[in-house]
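Engineer: Going down the list, the protein sequences come from chains R and V. Mapping to the numbering used here: the first sequence position 297 is 297, numbers consecutive. Each position in the second sequence, counted from 1, maps to that position plus 302 in the numbering used here. I'd like to ask some things about the structure below.
There are 2 protein chains.
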Amino acid sequence: MNINDIKKVVILGAGTMGQQISIPCALGGYDVVIYDISEDALQKALKGIPEIMAAMIANKRLTQSEADALIKRITTTSNPEVAAKDADLINESVPEVPELKVKVFSQFNKLCPERTIFTTNTSSLLPSKFADATGRPEKFLSLHYHDTTVTDVVDIMPHPGTSKEIIEIVRQFAVKTGQIPIMMKKENSGYVFNYMMGAVYTTALSLVSRNVVSVEDVDRAWMGVTHMPYGPFGIMDNIGLDTMYHVTEFWAEKTQEPRQLQNAVYLKKYIEAGTLGRKVKKGFYTYPNPAYEHPDFLKQAK
Amino acid sequence: MNINDIKKVVILGAGTMGQQISIPCALGGYDVVIYDISEDALQKALKGIPEIMAAMIANKRLTQSEADALIKRITTTSNPEVAAKDADLINESVPEVPELKVKVFSQFNKLCPERTIFTTNTSSLLPSKFADATGRPEKFLSLHYHDTTVTDVVDIMPHPGTSKEIIEIVRQFAVKTGQIPIMMKKENSGYVFNYMMGAVYTTALSLVSRNVVSVEDVDRAWMGVTHMPYGPFGIMDNIGLDTMYHVTEFWAEKTQEPRQLQNAVYLKKYIEAGTLGRKVKKGFYTYPNPAYEHPDFLKQAK
């Protein structure tokens, strides 16, 4: 098998990440089928994808003519047999519930051809946890996207049983779809960029939980130096403060590290107040139009 | 005293940071005097400042006419009496040797008017260590710049004895010189952005010392997502791997944290090989023209 054998790409899960991932795959010339158990989710995806493309066009990462051409290569189905038929490469973006992922991988293992490469876009789980469920451990690995409206970086992370040949095919697939593959030699929870950002969240939270500086000034410092459009607290609002609390609580319990313990106490107040971030319109910032998106945010300090 | 009483700004130390800091101060309309004990260092500064301004112009952070006007407001002297006379605000950028800073602050305390505000640009030391040496603890705090060719962010960090009035004057001074002041409520080693980046270096080093991914792929991931012109390893080459080793070794000894211990062992190989970073033309990358400055660096992965 080689890269030229890949023709049909199947995205499992029609959420935000599934929608985002379909775009570079279709732009690379692949036939993309988005599968979801919910027809309603598929309808939302068909509305969401043009919005994502508009954001990419605004960021000069896509042209209108590219958008017009690629959208024709994306179809949707809630029929797993239709999705699985002749699938060459699958990318899984279902919710981060291990039992659900096991179920979906087992289901598609039975329906897909033997040759189909299985990849997962999981953010927080390791592929070795699902290698058996795929029924094809040597043809399974992580292919992990970031926010495709702002970056082309993808992590390619094998588990110990992934074959070298499949890693190379997935690397070439990433390149053909315009991505920058980060080639990991072994598993690491959080991959590469997100692993580093995890440490940024810990230090950012520690600065405010110790009352060293305000939430806004931390983000101002980050945005002012990196020129990114958001800082750690803006990103955490997007991740969800419930998720941030669970992760922080887990490491605080495990390591008893004073900074993590203090951060967990700090985040708990947000959980108790129900201000869980962007999804409920209130977290560290209020939404829509959070302060950090205001053109004068950096100057406000002045 | 108020912001309008500030007219003459004195930079102590004509090194890279002293040169950089002189530019926004002069751009803000202040008379800037750079003092250094070494006439040779002052001569180098007079060559270095136009190079820094050229980089700022290239980055669209300064216009040629601004550059032509501001350079006339910058003078140099190796005579401490001349520097100190009528000084309104001092920023200290001498080497990070505590005894040297104490000596310079004590010397200028005797020479300067009582009203002169003393600030330090130290990266790694806390202002409380030098408050007594300034002879004016209530008029002393950190005013810490980053790389002024790429950012306007400055940390304003008081020690427990700094007066609120002086903090406010220095905040207004930062604003008048085009900076984004990050207002810290108390001391924190590493300030705000650098404190977060310290955690990035630890995680980045851990990824390569555990052989998860290459140096180049860590920087590619960072640069590809943040769109910064360098990643953690490029920055560490600029800081100097001897400095990185000493800091890592210090925390490894103190905390016995496995990641820090492994990072210290990893960095020690670079120290033993004498590859200390950009200053010796070899560290994680070779200089000049390190791989990450190549326009195809991100695409090379493809």
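Note that CB positions come from ideal geometry on N, CA and C, so glycine has one too.
Between the alpha carbons of V:GLU574 and V:ALA566, how many angstroms are there, rounded?
Structural biologist: The residue labelled residue 574 of chain V in the question sits at position 272 within the second sequence. The residue labelled residue 566 of chain V in the question sits at position 264 within the second sequence. If I take the Cα positions, the gap works out to 12 Å.
Engineer: Would you kindly report the start and end of the unbroken beta strand (DSSP E) that includes V:PRO560?
Structural biologist: Numbered from its first residue, the second sequence carries residue 560 of chain V at position 258. Careful: V:PRO560 lies outside any beta strand (DSSP E), inside the alpha helix (DSSP H) at 560 to 575.
Engineer: Quick check on V:GLU595: does DSSP put it in helix, strand or coil?
Structural biologist: As a first step, residue 595 of chain V is located in the second sequence; it is residue number 293 there, counting from the start. DSSP places V:GLU595 in helix when its eight states are reduced to three.
Engineer: Name, going along the chain, the residues of the region 139 to 171 of chain R whose beta-carbon falls closer than 7 Å to a beta-carbon of chain V.
Structural biologist: Within the region 139 to 171 of chain R, the qualifying residues are HIS146, THR151, ASP152 and VAL153.
Engineer: Out of curiosity, what's the CA-to-CA distance linking R:PHE284 and R:PRO229?
Structural biologist: Position 284 of the first sequence, counted from the first residue, corresponds to residue 284 of chain R. Position 229 of the first sequence, counted from the first residue, corresponds to residue 229 of chain R. Answer to the nearest angstrom: the Cα atoms are 16 Å apart.
Engineer: Below 8 Å, how does it come out for the region 471 to 481 of chain V and the region 504 to 518 of chain V: are there three or more Cβ pairs, yes or no?
Structural biologist: Because the criterion of three Cβ pairs below 8 Å is not met, the region 471 to 481 of chain V and the region 504 to 518 of chain V do not touch.
Engineer: What does R:ILE21 reach in chain V if we use C-beta pairs closer than 7 Å?
Structural biologist: Stepping through the first sequence from its first residue, residue 21 of chain R is reached at position 21. Those within 7 Å of R:ILE21 in chain V number zero; the least Cβ separation is about 16 Å.
Engineer: At the level of alpha carbons, what is the spacing between V:THR588 and V:TYR568?
Structural biologist: Within the second sequence, numbered from 1, the residue matching residue 588 of chain V stands at position 286. Within the second sequence, numbered from 1, the residue matching residue 568 of chain V stands at position 266. So the alpha carbons of these two residues sit roughly 18 Å apart.
Engineer: Which residue or residues does DSSP assign as beta-bridge partners of V:ASN393?
Structural biologist: Position 91 of the second sequence holds residue 393 of chain V. Answer is V:ILE313 and V:THR421.
Engineer: V:VAL582: which of V:ASN540, V:ILE308, V:ASP342 and V:HIS448 sits nearest, CA to CA?
Structural biologist: Within the second sequence, numbered from 1, the residue matching residue 582 of chain V stands at position 280. The candidate whose alpha carbon is nearest that of V:VAL582 is V:ASN540.
Engineer: Which residues, in order along the region 191 to 221 of chain R, keep a beta-carbon less than 7 Å from a beta-carbon of chain V?
Structural biologist: The region 191 to 221 of chain R vs chain V, Cβ under 7 Å: VAL192, PHE193, TYR195, MET196, ALA199, VAL200, THR202, THR203, ALA204, LEU207, ASN211, VAL212, VAL213, ASP217, VAL218, ARG220 and ALA221.
Engineer: Cβ atoms of R:TYR35 and R:ILE6: under 8 Å apart, would you say?
Structural biologist: Counting from one through the first sequence, the residue named residue 6 of chain R turns up at place 6. Counting from one through the first sequence, the residue named residue 35 of chain R turns up at place 35. Against a cut-off of 8 Å, the Cβ pair of R:TYR35 and R:ILE6 comes out as no contact.
Engineer: Taking Cβ positions only, does V:ASN490 come closer than 8 Å to chain R?
Structural biologist: Counted from its first residue, the second sequence places residue 490 of chain V at position 188. Yes - at least one Cβ of chain R is within 8 Å of the one on V:ASN490.
Engineer: So, helix, strand or coil for V:THR550, using DSSP?
Structural biologist: Start at 1 with the first residue of the second sequence, and residue 550 of chain V comes out as number 248. Reduced to three states, the DSSP call for V:THR550 is helix.
Engineer: Would you mind giving the Cβ-Cβ distance between R:HIS144 and R:MET157, rounded to the nearest angstrom? I have them listed as a contact below 8 Å.
Structural biologist: Residue numbering aside, residue 144 of chain R sits at position 144 when the first sequence is read from its first letter. Residue numbering aside, residue 157 of chain R sits at position 157 when the first sequence is read from its first letter. The pair is a contact, with the Cβ atoms about 7 Å apart (cut-off 8 Å).
Engineer: Please state whether DSSP places V:SER444 in a helix, a strand or coil.
Structural biologist: Numbered from 1 along the second sequence, position 142 holds the residue referred to as residue 444 of chain V. Three-state DSSP puts V:SER444 in a strand.
Engineer: Taking Cβ positions only, does V:LYS387 come closer than 8 Å to chain R?
Structural biologist: Residue numbering aside, residue 387 of chain V sits at position 85 when the second sequence is read from its first letter. V:LYS387 does not count as touching chain R.
Engineer: Report the residue from R:TYR195, R:ASN121 and R:VAL82 whose alpha carbon sits nearest the alpha carbon of R:CYS112.
Structural biologist: Against the first sequence, residue 112 of chain R aligns to sequence position 112. When each option's Cα is compared against that of R:CYS112, the closest is R:VAL82.
Engineer: Hey, does R:MET183 have any beta-carbon neighbour from chain V nearer than 8 Å?
Structural biologist: Here the question's residue 183 of chain R lines up with position 183 in the first sequence. At least one chain V Cβ lies under 8 Å of R:MET183.
Engineer: What residues from chain R crowd round V:LEU600, counting only those whose CB sits closer than 9 Å?
Structural biologist: Working through the second sequence from its first residue, we reach residue 600 of chain V at position 298. The contacting residues are ASP152, VAL153 and ILE180.
Engineer: First and last residue of the beta strand (DSSP E) that includes V:PRO483?
Structural biologist: Numbered from 1 along the second sequence, position 181 holds the residue referred to as residue 483 of chain V. Run containing V:PRO483: 482 to 485, per the beta strand (DSSP E) assignment.
Engineer: In the DSSP output, what is V:MET459 paired with across the bridge?
Structural biologist: If you number the second sequence from 1, residue 459 of chain V lands on position 157. Answer is V:SER444.
Engineer: Taking the Cβ atom as the reference point for each residue, do V:ASP390 and V:ILE419 lie within a distance shorter than 8 Å?
Structural biologist: Taking the first residue of the second sequence as 1, we reach residue 390 of chain V at position 88. Taking the first residue of the second sequence as 1, we reach residue 419 of chain V at position 117. Against a cut-off of 8 Å, the Cβ pair of V:ILE419 and V:ASP390 comes out as a contact.
Engineer: Buried or exposed: V:TYR598, going by 16 or more other Cβ atoms within 10 Å of its Cβ?
Structural biologist: Numbered from 1 along the second sequence, position 296 holds the residue referred to as residue 598 of chain V. The sequence shown places Asp at residue 598 of chain V, rather than the Tyr named in the question. It is exposed - the Cβ of V:ASP598 has fewer than 16 other Cβ atoms within 10 Å.
Engineer: In angstroms, rounded to a whole number, what distance separates the CA positions of R:VAL150 and R:ARG61?
Structural biologist: What you label residue 150 of chain R is simply residue 150 of the first sequence in a count that begins at 1. What you label residue 61 of chain R is simply residue 61 of the first sequence in a count that begins at 1. Cα to Cα, R:VAL150 sits roughly 8 Å from R:ARG61.
Engineer: Can you find a CB in chain R that lies within less than 8 Å of the CB of V:THR528?
Structural biologist: As a working note, residue 528 of chain V is residue 226 in the second sequence. Output row for V:THR528: interface = yes.
Engineer: Given a cut-off of 8 Å on the beta-carbon distance, is the pair R:MET183 and V:ASP454 in contact?
Structural biologist: Position 183 of the first sequence holds residue 183 of chain R. Position 152 of the second sequence holds residue 454 of chain V. Their beta carbons are not under 8 Å apart, which means R:MET183 does not touch V:ASP454 by this criterion.
Engineer: To the nearest angstrom, how far is it from the Cα of R:MET53 to the Cα of R:ASP68?
Structural biologist: Here the question's residue 53 of chain R lines up with position 53 in the first sequence. Here the question's residue 68 of chain R lines up with position 68 in the first sequence. When rounded, the distance between both Cα atoms is 10 Å.
Engineer: Here's the rule: buried if 16 or more other CB atoms are within 10 angstroms of the residue's CB, otherwise exposed. What is V:HIS461?
Structural biologist: As a working mapping, residue 461 of chain V is identified with position 159 in the second sequence. When all chains shown are included, V:HIS461 counts as buried.
Engineer: Out of V:VAL477, V:TRP553 and V:LYS488, point me to the one whose CA is closest to V:LEU443's CA.
Structural biologist: Working through the second sequence from its first residue, we reach residue 443 of chain V at position 141. Closest by alpha carbon: V:LYS488.
Engineer: Alpha carbons only, please: which of V:THR557, V:GLY579 and V:LYS310 is nearest the one belonging to V:ALA386?
Structural biologist: Position 84 of the second sequence, counted from the first residue, corresponds to residue 386 of chain V. Of the candidates V:THR557, V:GLY579 and V:LYS310, the one whose C-alpha sits nearest the C-alpha of V:ALA386 is V:LYS310.
Engineer: Going by Cα to Cα distance, which pick from R:ASN289, R:THR226, R:MET1 and R:GLY231 is closest to R:ARG115?
Structural biologist: Position 115 of the first sequence, counted from the start, is the residue given in the question as residue 115 of chain R. Nearest option by C-alpha distance: R:MET1.
Engineer: Whose CA, out of R:GLU165, R:TYR270 and R:SER124, lies closest to the CA of R:PRO195?
Structural biologist: By one-based count along the first sequence, residue 195 of chain R stands at place 195. A small fix is needed here, since residue 195 of chain R is Tyr in this sequence, not Pro. The shortest C-alpha separation from R:TYR195 is found at R:SER124.
Engineer: DSSP puts R:THR76 in a beta bridge; with which residues?
Structural biologist: Walking along the first sequence from the start, residue 76 of chain R turns up at place 76. Per DSSP, R:ILE34.
Engineer: Please report how far the alpha carbon of V:PHE535 lies from the alpha carbon of R:LEU42, in whole angstroms.
Structural biologist: Locating residue 535 of chain V in the second sequence gives position 233, where the first residue counts as 1. Locating residue 42 of chain R in the first sequence gives position 42, where the first residue counts as 1. One C-alpha to the other measures close to 42 Å.
Engineer: Does DSSP classify R:LYS186 as helix, strand or coil?
Structural biologist: Taking the first residue of the first sequence as position 1, residue 186 of chain R is located at position 186. Reduced to three states, the DSSP call for R:LYS186 is coil.
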